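See structure below.
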Amino acid sequence: MLLRRRQKASRRRSGAAPVARAPYRLAPSEMKELLEQLKELSDKGFIRPSSTPWGASVLFVKKKDELFWMCIDYQELNKLTVKNRYPLPMIDDLFDQIQGSSVYSKIDLRLGYHKLRVREEDVSKTAFRTR
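For the sequence shown, the UniProt record's numbering assigns the number 1 to the initial residue and increments by one for each residue that follows.
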């Protein structure tokens, strides 16, 4: 499957071959959740079938509310990616900045990740594999 959004750059180190990991083994409950989430993501136009040589593995993390959070393991791709000269701030620094605040809010950006735009030439790198 490929993510559909465009424009986020992920420059690859020169000479690096595409990486593809075998899918992780999933429990029956995770497999059921995977099929449901893939259908939802496909119906919303966030993913589509692919035959790219790239492929990250899917795994699930159980949230506090007992729901499954689908994660894609891009560790191997990250090793090949040229790091951004201006990285995102460290989470600890952000927490330090809000120290002493009295009002906090929380939002769940479950589908927000799929709203990132990826450059056309980088779309194939976002592929993930399932059984």
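Note that beta-carbon positions come from the ideal geometry of N, C-alpha and C, so glycine has one too. Since the structure is predicted, the reported quantities are computational estimates derived from the model, not experimental observations.
Remark: C-beta atoms of Val-19 and Trp-54 approach each other more closely than 8 Å.
For Gly-55, the beta-bridge partners assigned by DSSP are Ala-20. In the structure shown, Ile-107 falls within a coil segment according to DSSP collapsed to helix, strand and coil. Distances from the CA of Val-61 to each of Asp-93, Pro-49 and Leu-26 were compared; the closest alpha carbon is that of Leu-26. Taking 8 Å as the cut-off, the Cβ atoms of Val-58 and Leu-34 count as close.
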